[in-house]
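*Asks:* Handing you a structure now.
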Amino acid sequence: MIASLGLTASLMCIATPAQPDDAPQNAATDQYLQALKAINEKRHLDAKILLEKLIESEPQHAGALLDLAIMQCNLGNRAEAERLFNFMIQRFTPPPAILEIIEIHRKTGCAIKAPEVNQSFSIERGYDTNANQGALNSIFTIDDFGTPINLQLLPEYLPKSDNYISASLDLSQETAAGNNIYFQLRGRQFSTLTNFNSVGLATGIESQFSLNNWKIHPSASLNILSLASALYQKQVTARIKFDVPQSSQSFMKYSIVSSLAKIAYPTIKNFDGDIVELRVLGTKQSDRYFFNLNAGLMFDYGNEFRLGGNRRGWTAGGFLRSATPWQIEGKPVFAEIGYQHLNWQNSKIYLAGLINVKKHQSNHVFRTALGWAINPTNTVQLEYRQIANRENVSFLSFDSKQIQISWQWQK
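This note's numbering puts the first residue of the sequence shown at 112, with every later residue one more than the last.
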């Protein structure tokens with residue numbers, strides 16, 4: 112779409128009279144480029160408003176008129192598109208290339224094309240040193256009326272390693288209105304620890320619009336997770352992301368994300384929670400790499416009977432994906448590295464009379480990977496992940512190391 116618009120703009124400059132004052136012309140050019148960008152990003156309402164404002168101030172802007180007509184046609188507004196096409200031909204003297212573009216769109220009948228569905232499928236084979244998240248220490252201590260008593264954990268609560276196979280299917284589609292709808296199905300099956308087999312389903316919708324040069328992305332999602340063939344967790348999330356206006360010279364692009372998640376555990380009593388999060392993101396991207404940093408505050412509210420009560424926390428981390436100088440059979444190899452830290456502090460004693468501490472959690476996740484893009488649709492990746500979870504309730508602390516190889520197909 113943007114390529115044809117660029118051609119249209121360059122051709123229509125022939126038919127657009129020159130402006131005597133550079134300042135209005137520069138303002139019109141900036142507004143026109145903003146409209147083209149909005150069309151390319153499927154923000155059709157924003158593009159329509161920008162083009163209409165531009166036409167109101169610059170009635171002779173033939174490029175804006177034609178782009179508005181094409182956009183109306185692509186949205187299925189045949190009558191309005193035809194009116195604008197006729198107005199274009201009568202007002203201006205379009206060159207043959209522009210007349211051909213108009214005729215091509217007329218022949219479609221301005222029928223709305225079904226948006227393409229983006230698809231990806233991946234399958235992984237891996238090994239986990241602690242598939243059950245067993246306790247780091249086999250001994251834990253309780254408080255018996257002021258007297259500490261050491262207890263030995265049962266074997267099933269100690270770390271158990273296992274092989275696993277997992278798979279995921281992702282589907283997404285952009286609507287004509289610029290909304291993005293997605294669906295994800297994922298599952299993991301262990302070789303022996305089948306009680307930890309899981310299946311997850313996620314679906315959601317994201318929209319976008321702009322306000323005073325801020326890009327705003329509201330979204331909503333539903334996640335369902337089953338464990339050992341039984342429903343384990345349900346989560347509904349409302350989220351809004353604000354992209355901060357940036358100049359072309361800005362080192363990074365910044366976003367502010369606010370979300371509210373309602374999490375329910377149908378089989379665990381008094382474990383539900385509402386999590387409010389405010390996060391800041393910074394990203395930088397080039398042809399060879401993608402880099403981001405994030406930091407946020409979190410607040411988790413449960414009912415009065417939940418162990419440890421409410422909790423507050425923070426998170427911070429980063430991710431880098433970069434091309435490497437290596438190639439396999441002429442195809443590039445890329446590398447990824449990431450780290451995320453999560454810190455929670457509970458507000459109440461965890462279990463008064465037995466575990467007389469306010470629970471504190473410090474979770475560290477480190478990940479690195481090497482990938483090989485066989486072709487535009489197939490990628491093979493080798494990944495290593497390490498989790499270090501530390502808590503002052505000793506039987507909740509654990510370590511885990513995972514290594515896996517995966518294949519991904521995407522269209």
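Note that the Cβ used here is the ideal one computed from N, Cα and C, for glycine as well.
Within 8 Å, do at least three Cβ pairs link the stretch 494-514 to the stretch 214-231?
*Replies:* Touching, no.
*Asks:* Please report the Cβ distance between Gly315 and Ser332, rounded to the nearest whole angstrom; I am assuming they are in contact, meaning their Cβ atoms lie under 8 Å.
*Replies:* Within the sequence shown, the letter at position 204 stands for residue 315. Within the sequence shown, the letter at position 221 stands for residue 332. That belief holds up - the Cβ atoms of Gly315 and Ser332 are roughly 3 Å apart, short of 8 Å.
*Asks:* Expressed to the nearest angstrom, what Euclidean distance is found between the alpha-carbon atoms of Ile253 and Asn500?
*Replies:* Numbered from 1 along the sequence shown, position 142 holds the residue referred to as residue 253. Numbered from 1 along the sequence shown, position 389 holds the residue referred to as residue 500. Cα-Cα distance, rounded: 20 Å.
*Asks:* Between Ser321 and Asn290, is the Cβ-Cβ spacing less than 7 Å?
*Replies:* Within the sequence shown, the letter at position 210 stands for residue 321. Within the sequence shown, the letter at position 179 stands for residue 290. Contact flag unset, no.
*Asks:* Spell out the partners DSSP gives Ser279 in its beta bridges.
*Replies:* Mapped onto the sequence shown, residue 279 falls at position 168. Ser279 pairs with Ser233, Arg297.
*Asks:* Out of Ala208, Gly429, Ala372, which one is the CA nearest neighbour of Asn403?
*Replies:* One-based indexing of the sequence shown puts residue 403 at position 292. Asn403 has its Cα closest to that of Gly429, out of Ala208, Gly429, Ala372.
*Asks:* If you drop the 5 nearest sequence neighbours on each side, which residues of the same chain put their C-beta closer than 6 Å to that of Pro270?
*Replies:* Translated into positions along the sequence shown, residue 270 becomes position 159. Excluding sequence neighbours, Pro270 sits near Asn241, Gly245.
*Asks:* Give the DSSP-derived three-state secondary structure of Ile516 in the structure shown.
*Replies:* Locating residue 516 in the sequence shown gives position 405, counting from the first residue. If DSSP states are grouped into helix, strand and coil, Ile516 belongs with the strands.
*Asks:* Could you pull out every residue in the same chain whose Cβ sits closer than 7 Å to the Cβ of Leu304, ignoring the five residues on either side in sequence?
*Replies:* Looking up residue 304 in the sequence shown gives position 193. The answer, listed in chain order, is Ala242, Asn243, Lys271, Asp273.
*Asks:* Just checking, does the stretch 472-484 make contact with the stretch 446-455 on the three C-beta pairs under 8 Å criterion?
*Replies:* Output reads yes: the stretch 446-455 touches the stretch 472-484.
*Asks:* Go through its chain and collect everything with a Cβ distance to Thr490's Cβ below 6 Å, but skip five positions before and after it.
*Replies:* Counting from one through the sequence shown, the residue named residue 490 turns up at place 379. Answer for Thr490: Gly482, Ala484, Gln519, listed in chain order.
*Asks:* Should Arg236 go down as buried or exposed, given a rule of 16 or more other Cβ atoms within 10 Å for buried?
*Replies:* By 1-based counting over the sequence shown, the position of residue 236 is 125. Burial call: exposed.
*Asks:* Examine the Cβ distances between the stretch 325-339 and the stretch 349-361 and report whether three or more of them are shorter than 8 Å.
*Replies:* Because the criterion of three Cβ pairs below 8 Å is met, the stretch 325-339 and the stretch 349-361 touch.
*Asks:* If Lys345 sits next to Ala375, beta carbons under 8 Å apart, how far is it from one beta carbon to the other, in whole angstroms?
*Replies:* To locate residue 345, count along the sequence shown from 1; it is residue 234. To locate residue 375, count along the sequence shown from 1; it is residue 264. Yes, Lys345 and Ala375 are in contact; Cβ-Cβ is about 5 Å, under 8 Å.
*Asks:* Take every Cβ of the stretch 434-446, pair it with every Cβ of the stretch 406-417, and state whether three or more of those distances are shorter than 8 Å.
*Replies:* Flag = no, the stretch 434-446 and the stretch 406-417 do not touch.
*Asks:* Span of the beta strand (DSSP E) holding Thr345?
*Replies:* Within the sequence shown, residue 345 is the residue found at index 234, counting from 1. Just to set this straight, residue 345 is Lys in the shown sequence, not Thr. Run containing Lys345: 341-354, per the beta strand (DSSP E) assignment.
*Asks:* Look at the alpha carbon of Ala146 and the alpha carbon of Gly187, and state the distance between them as a whole number of angstroms.
*Replies:* Position 35 of the sequence shown, counting from 1, holds the residue named residue 146. Position 76 of the sequence shown, counting from 1, holds the residue named residue 187. Rounded to the nearest angstrom, the two C-alpha atoms are 19 Å apart.
*Asks:* Mark Ser517 as exposed unless 16 or more other C-beta atoms lie within 10 angstroms of its C-beta, in which case mark it buried.
*Replies:* Here residue 517 is taken as the residue at index 406 of the sequence shown, counted from 1. Its Cβ being crowded by 16 or more others within 10 Å, Ser517 is buried.
*Asks:* With distance defined between alpha-carbon atoms, name the residue in Ser397, Ser168, Thr488, Pro205 nearest to Leu433.
*Replies:* Within the sequence shown, the letter at position 322 stands for residue 433. According to the sequence provided, residue 433 is Ser. The question's Leu does not apply to it. Of the listed residues, the one whose Cα sits closest to Ser433 is Ser397.
*Asks:* State the beta-bridge partners of Leu481 as determined by DSSP.
*Replies:* Residue 481 sits at position 370 when you count from the first residue of the sequence shown. According to DSSP, which records beta bridges pairwise, Leu481 is partnered with Ala446, Leu493.
*Asks:* Output the distance between the C-alpha atoms of Tyr365 and Thr378, rounded to the nearest integer angstrom.
*Replies:* Mapped onto the sequence shown, residue 365 falls at position 254. Mapped onto the sequence shown, residue 378 falls at position 267. Taking the straight line from one Cα to the other gives about 40 Å.
*Asks:* What residues match up with Val387 in a beta bridge as DSSP calls it?
*Replies:* Working through the sequence shown from its first residue, we reach residue 387 at position 276. In the DSSP output, where bridge partners are listed per residue, Val387 has Leu371, Phe410.
*Asks:* Taking the beta strand (DSSP E) that Asn334 falls in, what are its first and last residues?
*Replies:* What you label residue 334 is simply residue 223 of the sequence shown in a count that begins at 1. 325-338 is the span of the beta strand (DSSP E), which, as asked, contains Asn334.
*Asks:* So, are the CB atoms of Gly419 and Glu388 less than 7 Å apart?
*Replies:* Working through the sequence shown from its first residue, we reach residue 419 at position 308. Working through the sequence shown from its first residue, we reach residue 388 at position 277. Not in contact: Gly419 and Glu388 (Cβ atoms no closer than 7 Å).
*Asks:* Looking at Asp281 and Ser337, is the spacing between their C-beta atoms short of 7 Å?
*Replies:* Counted from its first residue, the sequence shown places residue 337 at position 226. Counted from its first residue, the sequence shown places residue 281 at position 170. No, these two residues do not count as a Cβ contact at 7 Å.
*Asks:* Give the DSSP bridge partners of Glu167, in chain order.
*Replies:* Position 56 of the sequence shown, counting from 1, holds the residue named residue 167. Answer by DSSP bridge pairing: none, since Glu167 is not bridged.
*Asks:* Going by beta carbon distance, what residues of the same chain come within less than 6 Å of Trp425, once the five residues before and after it are set aside?
*Replies:* Residue numbering aside, residue 425 sits at position 314 when the sequence shown is read from its first letter. Result list for Trp425: Leu408, Asn454, in chain order.
*Asks:* Given that a residue counts as buried once 16 or more other Cβ atoms are within 10 Å of its Cβ, and exposed if not, what is Pro205?
*Replies:* As a first step, residue 205 is located in the sequence shown; it is residue number 94 there, counting from the start. Counting Cβ neighbours within 10 Å, Pro205 comes out buried, since at least 16 surround it.
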